[in-house]
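**Q** Those protein sequence lines, which keep their order, are chains A, B, C and D.
Residue 11 in numbering that gives the first Met the number 0 sits at position 12 of the first sequence, with consecutive numbering throughout.
Residue 14 in numbering that gives the first Met the number 0 sits at position 15 of the second sequence, with consecutive numbering throughout.
Residue 4 in numbering that gives the first Met the number 0 sits at position 5 of the third sequence, with consecutive numbering throughout.
Residue 135 in numbering that gives the first Met the number 0 sits at position 136 of the fourth sequence, with consecutive numbering throughout.
4 protein chains.
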Amino acid sequence: MPVPAPNLYPPFNIVRLSHVTYRVTDLAASRAFYVDTLGLQVTEENDSEIHLRAMEERGHHCIVLEQAGTADVGVLGFKLFDEPDLDKAEAFFRARGLPAEWVERPHMGRTLRTRDPWGIPLEFYVKMDRLPPIHQQYKLYRGVKPLRIDHFNMFSADVDASVAFYNDMGFRVTEYTEDAETGRVWAAWMHRKGGVHDVAFTNGLGPRLHHTAFWVPTPLNIIDLLDLMATTGYVANIERGPGRHGISNAFFLYVRDPDGHRIEIYCSDYQTVDPDLEAIRWDLKDPQRQTLWGAPAPRSWFEEGSLFEGAAPQDSALKAQPIIAP
Amino acid sequence: MPVPAPNLYPPFNIVRLSHVTYRVTDLAASRAFYVDTLGLQVTEENDSEIHLRAMEERGHHCIVLEQAGTADVGVLGFKLFDEPDLDKAEAFFRARGLPAEWVERPHMGRTLRTRDPWGIPLEFYVKMDRLPPIHQQYKLYRGVKPLRIDHFNMFSADVDASVAFYNDMGFRVTEYTEDAETGRVWAAWMHRKGGVHDVAFTNGLGPRLHHTAFWVPTPLNIIDLLDLMATTGYVANIERGPGRHGISNAFFLYVRDPDGHRIEIYCSDYQTVDPDLEAIRWDLKDPQRQTLWGAPAPRSWFEEGSLFEGAAPQDSALKAQPIIAP
Amino acid sequence: MPVPAPNLYPPFNIVRLSHVTYRVTDLAASRAFYVDTLGLQVTEENDSEIHLRAMEERGHHCIVLEQAGTADVGVLGFKLFDEPDLDKAEAFFRARGLPAEWVERPHMGRTLRTRDPWGIPLEFYVKMDRLPPIHQQYKLYRGVKPLRIDHFNMFSADVDASVAFYNDMGFRVTEYTEDAETGRVWAAWMHRKGGVHDVAFTNGLGPRLHHTAFWVPTPLNIIDLLDLMATTGYVANIERGPGRHGISNAFFLYVRDPDGHRIEIYCSDYQTVDPDLEAIRWDLKDPQRQTLWGAPAPRSWFEEGSLFEGAAPQDSALKAQPIIAP
Amino acid sequence: MPVPAPNLYPPFNIVRLSHVTYRVTDLAASRAFYVDTLGLQVTEENDSEIHLRAMEERGHHCIVLEQAGTADVGVLGFKLFDEPDLDKAEAFFRARGLPAEWVERPHMGRTLRTRDPWGIPLEFYVKMDRLPPIHQQYKLYRGVKPLRIDHFNMFSADVDASVAFYNDMGFRVTEYTEDAETGRVWAAWMHRKGGVHDVAFTNGLGPRLHHTAFWVPTPLNIIDLLDLMATTGYVANIERGPGRHGISNAFFLYVRDPDGHRIEIYCSDYQTVDPDLEAIRWDLKDPQRQTLWGAPAPRSWFEEGSLFEGAAPQDSALKAQPIIAP
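Shown next, in the form of C-alpha cells:
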C-alpha cells in the first residue's frame with residue numbers, strides 16, 4: 000500500500016489549518032483583490048498589514064497580508080486542541096532536530112514557530128482572539144461569499160516523504176495519485192478537520208505553496224465571482240476552472256492574486272471523519288483525476304507556485320508528468 | 000452560564016451519529032418514500048427489512064426500515080473511534096446503572112446496546128461493513144440527492160438534564176434556546192463531528208424522536224424535492240419550510256414519512272471543530288430563532304414525534320412555549 | 000368556455016408592460032428599500048422623484064418613486080410597437096368613451112394617458128430614452144439582482160369584464176381560476192411579451208394594484224433576498240413565500256415596501272409565444288393553485304392592495320373565497 | 000452601420016424556431032443520448048424515428064431523430080402565426096426563385112417546404128399537434144431538465160448576406176461580431192420570439208448547422224449534466240464549457256451527440272422584445288466575446304458542423320479568424 004495507515008493516536012492534536020501570511024508587493028492592490036473582489040472581511044488593518052477573516056470564522060484571521068519587497072509566503076498556521084498539545088508539538092519537532100521557538104504573534108496566545116523537514120514555515124497555537132459571529136449579517140456578504148479557509152496545497156520534491164511526515168502528525172490521507180510506473184505517490188490529500196484535506200502535496204519543485212483554498216456555499220457563488228472578475232479587470236487572473244475535481248469531487252475555480260499567489264475557491268467535497276475511511280487511489284494518467292469533466296489544467300497550474308520565506312526549493316526526483324493542456 | 004463547558008476529554012470517543020432504525024407499518028410505502036422520493040440507495044432488502052445509505056456514505060446503512068405492527072423508533076446508532084472506546088462506553092453506562100449489553104447486528108462488528116437515562120435506545124459500534132464509494136456515480140442521484148445523515152433531534156422532558164448527560168459523553172453545545180423567565184434551557188444543539196449538531200434536544204413530552212436529518216448539496220435540491228413531492232401525491236407530507244433556520248443558519252425542509260416519522264432535509268450550516276467555539280444563545284421568544292425569515296412553525300411540528308420502542312414518554316415540567324403558527 | 004379566444008389581430012400593438020409610478024410617503028425610506036435592498040439601479044433622482052431600472056433594461060425606468068402625502072399608484076405604463084399604434088390606441092379609447100390625452104412625460108416620446116373602464120390610470124408610449132447596457136457590469140448587481148419588470152397584478156371587482164377588455168387590447172389568457180359554483184372567472188393571467196403574464200386580475204375590491212413583479216435569475220437570488228431582509232430590519236416586510244406557484248409554475252416571494260406597496264420577486268415561468276397556446280384552468284378550491292407545495296397565502300395577501308390615484312374601488316359581486324391561511 | 004435596421008413589418012409572421020430533424024446512424028445510441036442523458040421526452044417512436052419534446056413544450060416535437068445511413072440535418076422548422084402567413088411565405092420564397100412546396104408531415108398541418116438561398120432546408124407550419132402540459136410533472140424531469148428548444152446556429156459562407164435574407168423575413172439582430180479590418184459581419188444573432196436569438200450565423204464553410212440549443216432552468220442543471228456525462232461514458236462528448244458567453248450573456252455548455260451533431264445547453268440570456276433594441280457590437284478579436292471569462296473555444300468548435308441534407312457547403316471568402324484555444 001503506497002500510503003501509510005492513519006495515525007489514530009498522533010503525538011499532538013491538530014484541530015485544523017488556520018491561517019496563512021502572504022507577503023505582497025502592493026498592499027492596496029491586494030486589498031482590492033481579497034476584500035473588494037473575493038469578499039473577505041477586514042478585522043484589522045494598518046499601512047503595512049491587513050488581517051482578514053471569512054464569513055463564518057470567529058477566529059481573528061485566516062489571512063494576514065504583509066507589505067513586502069518580494070512576494071512570498073511567511074507562514075502556514077494550524078490550531079491545536081489544547082494547551083498541552085503545544086508542548087507536545089515542541090517536543091515532536093525538537094526530537095526531529097527541527098527548529099522550535101516560542102514567538103509573539105498579535106491576537107494569538109502561546110505560539111510555536113517551526114519548520115517541516117523541507118523548510119516550510121509552520122506555526123501552532125491554541126488560542127486566537129475570538130470575534131463575534133457575522134455569518135448571519137447578510138449585508139456583509141460580497142464577492143464569492145467566502146465562508147472559511149479550507150486547505151493548503153504545497154509542492155513537494157518528495158511527496159512520499161511529505162506524506163510520511165504529516166501522517167506522523169496525524170493528518171490522514173483521503174485520496175492520492177500514484178505514478179503507476181514507479182509506484183510512487185505523485186500527490187496526496189490529507190485531513191484533520193473532517194473534509195477531504197487540510198493539507199495536500201503535489202510533486203514538483205518544492206517546497207512551494209501551490210494554493211490556499213476557501214470554502215463557499217454553492218457553485219453559483221463561483222460563477223458569480225467569475226462574472227465579477229471578468230468585468231472588473233481581473234480576467235487575466237482567472238487561471239483554471241470552473242470545474243469538478245475528480246479527486247475530492249469538489250467544485251473549483253483557481254484565481255491568482257495581484258502577486259501571483261494562487262487562491263482556490265472550493266465547495267462540496269465530502270465528510271471524512273471516519274477513522275477507517277479508505278483512501279481513494281487515482282492513476283496519474285487518468286484524465287478525470289484533475290477534472291472529472293475531462294479538461295486538463297494549464298501548464299502554469301502545474302509549474303507556478305509561491306516561495307516560502309527562507310526555504311529554497313529543490314527539484315523533484317520523480318519526473319512523471321500528468322496530462323497538461325496544450 | 001446555562002450550558003455546561005465542553006468536555007474536551009470525554010470517557011470514550013464518539014465519531015458521529017451513524018444510523019436509525021425506523022419501524023414502519025407498510026414497508027412498500029416506506030420504500031416509495033425513502034428510495035423513490037428522497038433518493039436514498041438500497042444496500043440490502045428483503046421482505047421485512049430495507050437497509051439504506053446516502054450518496055457519500057461508505058458505511059453499510061444510515062437507515063434501517065423494519066416492517067412492524069406499530070410505527071416507532073428501534074434504536075439510534077453512533078460510531079466510535081476505536082475498539083477500546085467500546086469497552087470504555089460499556090463502563091460509562093454500567094457505572095450509571097444503565098443497561099449495557101453486547102448484541103449481534105448484521106453488517107456491524109462488536110455492538111454495545113444501551114439506553115440513556117430516559118430510555119432512548121442507543122447502540123455504539125466501531126466497525127460497520129464498508130461499501131465502495133458511489134458519490135461519483137451521478138446516474139444514481141435521485142430525489143433530493145441525500146449525501147449523508149446529519150443529525151437526530153429528540154424531545155426531552157428535561158433538556159437541562161439531557162444536555163448534561165450528552166455533554167458528559169463529549170457532545171459539545173453549539174447553540175441553545177433559553178427560556179428567559181426560568182433561565183432553563185428549552186432546546187440545545189450538540190455536536191461530535193464538526194457541524195452544528197449530531198444530536199439536539201427540544202423541550203416536550205419525551206423521550207421521543209423529533210426528526211432525523213439528511214444533508215443535501217444546495218437549497219435548490221430542496222426546491223426540487225418540494226416540486227417532486229407536490230406532484231407525486233406527497234403534498235400532505237410537506238410539514239414545514241423551506242426556510243432558513245435562525246439557529247444553525249441552515250436551509251431546511253421538514254417532511255413526514257408514510258408513518259409520520261419526521262425527516263429534515265438540511266444544508267449549509269457551519270464548521271464547529273474549534274474546541275473553544277462559543278455556544279450561541281437564543282431567546283425562546285425570538286421569532287427569528289426558528290426561521291430567520293420570521294415564519295413560525297406549525298403546531299404539529301412542536302407536538303408530534305416518534306416514540307422510541309420501549310420508552311414511555313413523560314411530560315416536561317417546563318411549560319414555556321415558543322411562537323406557534325396560528 | 001369561460002375565457003375569450005385570443006385576439007390575434009388587436010387594434011394596436013402593445014409590446015409589453017413597461018413601468019409603474021409609485022407615490023410614496025418617505026422617499027428616503029423607499030430608496031433604501033428599492034435601491035439598497037432589492038438592488039434596482041438609480042437612473043435619475045432629485046428631492047421629489049427617483050427613476051429606477053433593472054439590470055437588463057435599456058429603457059430609462061421601470062419604476063418612478065414620487066414623494067407624496069399619501070401612498071398610492073400614479074400610473075401603469077405600457078410600451079407600444081410603433082408610432083401609428085399610439086394613434087390607434089387613442090382611437091380605441093375614445094371610441095369607448097374613455098379619457099385619452101397626450102401628456103408630457105420626461106424621458107418619453109409621445110405619451111397617451113388614459114384609464115381603463117374601472118379607472119385604472121394607464122399610459123402608452125413608443126419611445127423612452129435608451130441607456131447603455133449594464134447587464135454585464137457585474138459589480139453593480141446587488142440585493143435580489145432584479146433583471147426586468149415582469150408583470151402587474153390588479154384587483155378587479157369584475158374579473159370577467161376586465162379580461163374581456165384587456166383581451167380586446169390583445170392580451171392573451173395563459174392561465175385562469177374559475178369559481179366552479181358560478182362558472183365565473185376568479186382570476187386570470189394575460190400576456191403580450193411571451194411569458195405567463197404582463198397583467199393579471201384577481202377578484203376583490205377593485206381597482207387596486209395587487210403587486211408589481213420583477214424577474215430574477217434563479218430561486219437562490221430569492222433566498223439571498225430573504226436572508227438580507229431578515230437581517231436588515233425588513234423581516235416584517237416579508238409577506239408570503241418563498242414558494243412555487245401552481246399557476247405559472249414560477250418561483251416566488253412577496254414583500255411589502257415601506258408604504259405597503261407589494262412587490263413580487265419572480266422567476267422561471269414558461270414561454271407563451273404560441274398564438275394557439277391553450278389556457279390552463281384551475282379550480283378556486285384547488286390548494287395547489289396558489290402554492291404548488293400546498294401552503295395557503297395569508298389573509299393580507301388576499302385583502303390588501305394599493306389604491307390607484309383617482310380611482311375609487313368597488314366591492315366585487317363575486318363572493319367566492321380561496322383557501323386562506325388560518 | 001454593418002447590420003440592417005430591423006424589419007418591423009415582415010412579409011409573413013414567424014413566431015419562433017420550432018424543430019429540427021437529425022438524421023442519425025444509430026437510433027438506439029441517439030436515444031440514449033437525447034432521452035436518457037439530456038432528458039428529452041419521447042412523444043412517439045418506432046424503429047426508424049423518434050419524436051421528442053422538452054418539458055415545457057406543448058407542440059408534438061422539437062427534435063425528430065431519423066435512422067439514416069449518413070448523419071446530417073434533414074430540415075429546420077419554424078412556426079408561423081396564422082394560416083395566411085403560410086401563403087405569404089410561399090409567395091415570398093417563390094418571388095425569390097426559391098423552392099416552395101406543400102408537404103405532408105405527421106402531426107403538423109399545412110407545411111411549406113423550402114430552402115434559403117444557400118440551400119438550408121426550411122419548413123414552415125402553423126399547426127402542430129398539441130399535447131397536454133407536463134411542465135408540472137416533476138417526476139419526469141431528468142438529465143439537464145431541458146425546458147424548450149432555444150435556437151439554431153448555422154455556419155454561413157457569407158454572413159452579411161445571410162443576415163440580410165433573414166432580416167427580410169423579420170428576424171432582428173440583437174448582437175453581432177464585426178471583423179474590424181474588413182468591416183464585415185463575422186457572426187450575428189437574430190430573434191423572433193423575444194430572446195437573444197432564434198437563429199445565428201457564424202462565418203465558415205457553409206451552409207452547415209453549427210448547433211441546436213436547449214434552454215434549461217439554471218447553471219446548476221448544466222453542472223449536473225456535466226457530472227452525469229462525465230461518469231456515464233460521455234466524457235469525450237463534452238466539447239466546450241461550462242462558461243458565460245460574452246455575446247448573449249448566457250451560461251452555456253456544448254456537447255456532441257453520438258454522430259457529432261452539436262447541442263448547446265443554454266440559459267439566462269435576456270429579453271429582446273423592444274423593437275428599438277440596439278444591437279450590441281463585438282470585435283472579432285475581443286477575447287471576452289466568446290467567453291466572458293476569457294477561455295477561448297477549441298478548434299473543433301470553429302471548424303466542425305453538421306451538413307444539411309442536399310446542400311453542398313462553400314468556403315467563406317472572409318478569412319478573418321477568432322482566437323482559438325491552442
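Note that CB positions come from ideal geometry on N, CA and C, so glycine has one too.
1) Take the Cβ of GLN40(A) as the centre, count every other Cβ of all protein chains shown within 10 Å, and call the residue buried at 16 or more, exposed below.
2) Smallest Cα separation from HIS134(A): which of ALA70(C), LEU130(C) and LEU227(C)?
3) What residues in the region 219-238 of chain C bring their beta carbon closer than 8 Å to a beta carbon of chain B?
4) As a quick exercise: from LEU317(B), LEU111(B), ARG255(B) and VAL254(B), pick the residue whose alpha carbon is nearest that of ALA90(B).
5) Using 9 Å as the limit for Cβ to Cβ distance, is PRO274(A) near chain B?
6) Measure the beta-carbon distance from GLY194(A) to THR271(A) and round it to whole angstroms, keeping in mind my assumption that it falls under 8 Å.
7) Step through the CB atoms of chain D and report whether any lies within less than 9 Å of the CB of TRP292(A).
8) Answer yes or no: does any C-beta atom of chain D fall closer than 9 Å to that of PRO241(A)?
9) Measuring straight from C-alpha to C-alpha, what distance separates GLY142(B) and TYR140(D)?
10) Apart from the five residues just before and just after HIS210(C), which ones in its own chain have a Cβ nearer than 7 Å to its Cβ?
11) Check whether the region 0-19 of chain C touches the region 207-226 of chain B, taking contact to mean three or more Cβ pairs, one atom from each stretch, closer than 8 Å.
12) Report yes if the C-beta distance between GLY76(D) and TYR137(D) is below 9 Å; otherwise report no.
13) Along the chain, where does the beta strand (DSSP E) that runs through MET189(C) open and close?
14) Going by DSSP in three states, THR211(A) sits in which element: helix, strand or coil?
15) Give the range of the beta strand (DSSP E) segment to which TYR175(A) is assigned.
16) Between the C-alpha atoms of LEU97(A) and PHE170(A), what's the straight-line distance to the nearest angstrom?
17) Within 10 Å of its beta-carbon, does ALA4(A) have 16 or more other beta-carbons around it, so buried, or fewer, so exposed?
18) Is the Cβ of PRO257(A) closer than 9 Å to any Cβ of chain B?
19) Starting from TYR124(A), follow its DSSP beta bridges and name the residues at the other end.
20) Measuring only the C-alpha atoms, how far is PHE251(B) from SER161(B)?
21) Taking DSSP as the reference, what is the three-state secondary structure of GLU303(A)?
22) Going by the beta-carbon positions, is the gap between HIS150(B) and HIS106(B) smaller than 9 Å?
23) Compare the beta carbon distance of PHE164(C) and GLY203(C) with 9 Å and say whether it is the shorter of the two.
24) What are the uninterrupted segments assigned as beta strand (DSSP E) that are 3 or more residues long and contained completely in the region 43-92 of chain C, given in chain order?
25) Can the beta-carbon of TYR334(D) be found closer than 9 Å to that of ALA316(D)?
26) Quick check on this structure: which residue in CYS61(A), ILE323(A) and LEU121(A) has the alpha carbon closest to the alpha carbon of GLU43(A)?
27) What are the partner residues of VAL198(B), as DSSP defines its beta bridges?
28) Would you mind reading off the limits of the beta strand (DSSP E) that contains ALA99(B)?
29) Taking the beta carbon of ASP71(C) as the centre, do at least 16 other beta carbons fall within 10 Å, making it buried, or is it exposed?
30) According to a CB-to-CB cut-off of less than 7 Å, which residues of the region 10-41 of chain D neighbour chain B?
31) For GLU180(B), does the count of other Cβ atoms within 10 angstroms reach 16, so buried, or fall short, so exposed?
32) Measure the Cβ-Cβ separation of MET189(D) and PHE11(D) and say whether it is below 9 Å.
33) So GLY242(A) and TRP300(A) are in contact, right, with Cβ under 8 Å, and what is the actual spacing, rounded?
34) Beta-carbon within less than 7 Å of TRP185(C)'s beta-carbon, same chain only, minus the 5 sequence neighbours each way: which residues are those?
35) Name the one or two DSSP bridge partners that TYR265(B) has.
36) List, in chain order, every chain B residue whose beta-carbon is nearer than 9 Å to that of PRO331(C).
**A** The structure says:
1) buried
2) LEU227(C)
3) LEU219, ILE222, LEU225, ASP226, MET228, ALA229, THR230, VAL234, ALA235 and ILE237
4) LEU111(B)
5) yes
6) 6 Å
7) yes
8) yes
9) 11 Å
10) ASN152, TYR253, ARG261, ILE262 and GLU263
11) no
12) no
13) 183-190
14) strand
15) 171-178
16) 19 Å
17) exposed
18) no
19) LYS78(A) and THR110(A)
20) 24 Å
21) coil
22) no
23) no
24) 48-52, 62-66 and 71-79
25) No information on residue 334(D) is available, as it lies outside the stretch 0 to 325 that chain D covers here.
26) CYS61(A)
27) PHE151(B) and MET189(B)
28) 99-102
29) buried
30) none
31) exposed
32) no
33) Between TRP300(A) and GLY242(A) the Cβ distance is about 12 Å, and since that is not below 8 Å, they are no contact.
34) VAL158, THR176, GLU177, ASP178, ASN202, LEU283, LEU317 and ALA319
35) TRP214(B) and PHE251(B)
36) With chain C covering only 0 through 325, there is no way to say anything about residue 331(C).
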